[in-house]
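Have a look at the structure below, then the notes.
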């Protein structure tokens, strides 16, 4: 009997979390646009292009208009949903904002081109997600609630399932396991995804950083448990502080019931482009050249590390 095909969805993060993790969120719009049409043709579930530290970086370092960035990328990739990372009640800032400000920001982001809002709260307080999820739903866009994965005596599987159920009750369209420091053990990933699929009715997505070397194995076990979608980054913009390579994940599942359906040859054209672009940003590259197992203890997010290193260098405190 032939297995039922359940293609694994892929979100490529090269235009947001990829460069945020690898070279301090410094990629300019001018280096994104020449490859946008090819990215649009790949067949990704979504491409992450906005949010996180990009809003701050555009204004603080690049002299770019972040709103113009999302408008331009949406126009350049009309077939592919544009995804952002949204800090819920913090919006894209570093403090809580009033509910009406959150709602207005979401409304304008939707109008300007954001299709998928990945909404997270760093403290995993579901109350801080509620207004943002409501605001996204009001626009008709996709509201993805998030559990910010961490390790502690209280953060066990039951804790995550309870949080996911609260997020589902808020009306989220999907749930994301956000493993921003690369702490998710593959067998824990299997158990967590299995229970999320059994105990909630939302599609399950997962983002894992490669910092500790666990990410690709976690993706494999999550796929075996029935996860719907995973984040990857094109190979020339992957690993170390970043994410598992898109091509590697595509190859792992090729010919299986989780075959992504993405074309390796087309992906290599994208990888070749970013291989050259990355050279421009060498001065902001982080120091990591392999795996940093210390993060299993320190639990520092991959998207924070190169930004922190860059800021320490600017202050003459890198040592």
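Numbering (this note's numbering), first residue to last: 1 to 319.
Note that CB positions come from ideal geometry on N, CA and C, so glycine has one too.
Start and end residues, beta strand (DSSP E) containing residue i
i           : result
residue 118 : 116 to 119
residue 67  : Note, residue 67: premise wrong, no beta strand (DSSP E); alpha helix (DSSP H) at 66 to 76.
residue 20  : Element bounds for residue 20: not the beta strand (DSSP E) but the alpha helix (DSSP H), 19 to 23.
residue 10  : 9 to 12
Proximity below 8 Å, CB of residue i to CB of residue j
i           : j           : result
residue 113 : residue 73  : yes
residue 357 : residue 83  : With the chain represented from 1 up to 319, any question about residue 357 goes unanswered, as that position is not in the structure.
residue 194 : residue 216 : no
residue 254 : residue 38  : no
residue 157 : residue 167 : no
residue 46  : residue 26  : no
residue 334 : residue 81  : In this structure the chain extends from 1 to 319, so residue 334 is not present and cannot be described.
Opening and closing residue of the alpha helix (DSSP H) in which residue i lies
i           : result
residue 112 : 99 to 112
residue 160 : 157 to 169
residue 229 : First-last for residue 229: 229 to 232, but that is the beta strand (DSSP E), not the alpha helix (DSSP H).
Same chain, Cβ closer than 8 Å to residue i, five either side skipped, listed in chain order
i           : result
residue 317 : none
Beta-carbon proximity list for residue i, same chain, < 7 Å, skipping 5 on both sides
i           : result
residue 246 : 10, 12, 232, 233, 234, 235 and 267
residue 160 : 147 and 192
residue 262 : 10, 42, 43 and 250
residue 51  : 16, 84, 85, 86 and 92
Local Cβ density within 10 Å of residue i, reported as buried at 16 or more and exposed below that
i           : result
residue 146 : buried
residue 228 : buried
residue 98  : exposed
residue 265 : exposed
residue 66  : buried
residue 290 : exposed
6 Å Cβ shell around residue i - same chain, five flanking residues per side excluded
i           : result
residue 325 : Since the first residue of the chain shown is 1 and the last is 319, residue 325 is not available in this structure.
residue 230 : 206 and 219
residue 239 : 210
residue 165 : none
residue 61  : none
residue 200 : 164 and 168
CB contact below 8 Å: residue i versus chain C
i           : result
residue 101 : Reference to chain C is not applicable here, since this structure consists of a single protein chain.
In chain order, each beta strand (DSSP E) run of at least 3 residues that lies wholly inside the stretch 215 to 301:
229 to 232
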